[in-house]
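Counting from 123, one number per residue, gives the positions in the sequence shown under our numbering. Glycine is no exception: its CB is placed at the ideal position from the N, C-alpha and C atoms. Predicted model only: the values in this text are computed from it and were never measured.
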Amino acid sequence: MKWFNKVKNEVWFQITVALAIVVAFYFILQHLGSIWIGVKFIWNIIVPLIVGLIIAYIVDPLVRLFERTLFKRAKNRKIARYISVAISVVLVIAVITAILWLFIPQLIESLQTLINNLGDYMHNLEVWLKGLAGGMFSDQLSDINFTDISSRLVSWLSRIVSGENIINASVSLGTGLVSFIMSAILSVYYLVSKDHLIELAKRFFAWVLKEKRYATFINFCSSCNRILVRYICCTLLEGVAVGVANAIIMLIFGMPYVAIISVVVGVFNLAPTFGPIAGGAIGAFILLMVDPWKALIFIIATIVLQFLDGYVLKPRLFSGTLGVSALLILISIIVLGRIFGIWGILFAIPVAAIIQYIYKRMQRTRQARKESEEG
Numbered sequence: 123m124k125w126f127n128k129v130k131n132e133v134w135f136q137i138t139v140a141l142a143i144v145v146a147f148y149f150i151l152q153h154l155g156s157i158w159i160g161v162k163f164i165w166n167i168i169v170p171l172i173v174g175l176i177i178a179y180i181v182d183p184l185v186r187l188f189e190r191t192l193f194k195r196a197k198n199r200k201i202a203r204y205i206s207v208a209i210s211v212v213l214v215i216a217v218i219t220a221i222l223w224l225f226i227p228q229l230i231e232s233l234q235t236l237i238n239n240l241g242d243y244m245h246n247l248e249v250w251l252k253g254l255a256g257g258m259f260s261d262q263l264s265d266i267n268f269t270d271i272s273s274r275l276v277s278w279l280s281r282i283v284s285g286e287n288i289i290n291a292s293v294s295l296g297t298g299l300v301s302f303i304m305s306a307i308l309s310v311y312y313l314v315s316k317d318h319l320i321e322l323a324k325r326f327f328a329w330v331l332k333e334k335r336y337a338t339f340i341n342f343c344s345s346c347n348r349i350l351v352r353y354i355c356c357t358l359l360e361g362v363a364v365g366v367a368n369a370i371i372m373l374i375f376g377m378p379y380v381a382i383i384s385v386v387v388g389v390f391n392l393a394p395t396f397g398p399i400a401g402g403a404i405g406a407f408i409l410l411m412v413d414p415w416k417a418l419i420f421i422i423a424t425i426v427l428q429f430l431d432g433y434v435l436k437p438r439l440f441s442g443t444l445g446v447s448a449l450l451i452l453i454s455i456i457v458l459g460r461i462f463g464i465w466g467i468l469f470a471i472p473v474a475a476i477i478q479y480i481y482k483r484m485q486r487t488r489q490a491r492k493e494s495e496e497g
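What follows is the structure in structure tokens.
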């Protein structure tokens, strides 16, 4: 390190580094295709490791909950950790299995009914639109071939559930399932070895960083962890609450396709800002073909539900992590969505919260430095 500090300001050293960078850049440009293939190969290898880490990160709050409640007075913390991980894994598997067992048959039945009755639904929509227009737009509506639209939709949906697509989807699902099982097994290892892995990471950063920077880095990671854990837990809870509330409303008003629409609304609600709008639009479109008046009731109920979610449920759930400006959230959604797709949209809020935390921390540090200089 002393040798590096001595030579880093020498002209010959700077020229050598610059030439090395130019040569490396030229080599990358000349072999860009091969490098990209290599990157994709390495990425396919490390994806299960990353997914396993994400699963472990999501399940860890549940493990810690069992550690704090069931094994609060346990003397052997290692055994307590193992048992807590086992209970958490069994509980998560049971919940996922129950959800699939309850909803998958209903989703398939709803989709089949939708395909079989699509022609009648389009006819009902045509009659309703013509009656609503009252003759004002009869010429324009007569130009719309609802039968052709219905045939195209049935053809498109039939292609989706065709034998070839089912086989391709099954192969992709099987490959993805094997990868997911590997990730799930790795996540159990991560959970069991959490303390050891964290200790190794701390030693590494303590070796790389100076003492003051290390303390700042650890504090920053702890704050980011608190934001992310709270966001993930609250977002999942919010999605379940909105989906269940949507199902109750639909059952009260006797609406069809309760399962498929409620799942869509609950899942899309996980994505901030645009997710609830997309989920509500999909549900309204499905109901519009069946019964336009029920679609109207659904839209009104969705607006009321989103109002309660935005002004009652969300502030209570996110009181410790939000307080992020709407503009910053919107910018994060647009930028991260363009770069990382759906995952960027899902994690736009915690990223915005972390950016705001960094900015406020820099402000406090600058203010403290200014006050110390003035004093």
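Residue burial annotation: Ala417 is buried, with at least 16 other C-beta atoms found within 10 angstroms of its C-beta. About 11 Å separates the CB atoms of Val389 and Phe225; that is not less than 8 Å, and the two are not in contact. Excluding sequence positions up to five before and after Leu308, its CB lies within less than 7 Å of the CB of Pro170, Leu171, Gly174, all in the same chain and listed in chain order. Per DSSP, the unbroken alpha helix (DSSP H) holding Tyr353 starts and ends at 333-374. For the 8 Å CB-CB criterion, Leu331 and Met377 do not form a contact. A residue is called buried once 16 or more other Cβ atoms fall within 10 Å of its Cβ, and Val300, having fewer, is exposed. The criterion of a C-beta distance shorter than 8 Å is not satisfied by Tyr312 and Ala403. At a Cβ-Cβ threshold of 8 Å, Asn368 and Val351 do not count as neighbours. For Ala178, the uninterrupted alpha helix (DSSP H) run begins and ends at 154-191, by DSSP.
Residue environment analysis places Glu360 among the buried positions, since at least 16 neighbouring C-beta atoms fall within 10 angstroms of its C-beta. Here the alpha carbon of Thr219 sits roughly 33 Å from the alpha carbon of Ile419. The residues Pro170, Val173, Gly174, Ile177, in chain order, have a CB closer than 7 Å to that of Ser305 in the same chain once the five nearest residues on each side in sequence are set aside.
The residues Ser454, Leu458, in chain order, have a CB closer than 7 Å to that of Val473 in the same chain once the five nearest residues on each side in sequence are set aside. Distances from the CA of Phe302 to each of Trp415, Cys343, Asp317, Asn166 were compared; the closest alpha carbon is that of Asn166. Within 10 angstroms of the beta-carbon of Arg199 lie fewer than 16 other beta-carbons, which makes it exposed.
Annotation: Leu358 to Gln152 spans about 46 Å, alpha carbon to alpha carbon. Look at Pro394 here: in three-state DSSP terms it is coil, with no helix or strand label. Here the alpha carbon of Ala216 sits roughly 20 Å from the alpha carbon of Ile354.
The continuous alpha helix (DSSP H) containing Phe327 extends over residues 316-330. By the Cβ neighbour-count rule, Ile382 is buried, with 16 or more other Cβ atoms within 10 Å of its own. For Asn347, the closest C-alpha among the options Ile168, Phe135, Lys436, Ile180 is that of Ile180.
Around the C-beta of Val145, fewer than 16 other C-beta atoms lie within 10 Å, and the residue is accordingly described as exposed. Of the residues assessed, Phe147 falls on the exposed side of the cut-off, its CB having fewer than 16 other CB atoms within 10 angstroms.
The Cβ atoms of Ile349 and Ala475 sit closer than 8 Å to each other. Within the model, the alpha-carbon separation for Ala393 versus Glu495 is close to 45 Å. Assignment of Tyr433 by DSSP, reduced to helix, strand and coil, places it in the helix class.
In the three-state DSSP reduction, Lys197 falls in the coil class, being neither helix nor strand. Gly463: not part of any alpha helix (DSSP H); DSSP gives it neither H nor E. Separation of the CB atoms of Ala363 and Leu435 is rounded to 6 Å, and the pair is thereby assigned contact status at 8 Å.
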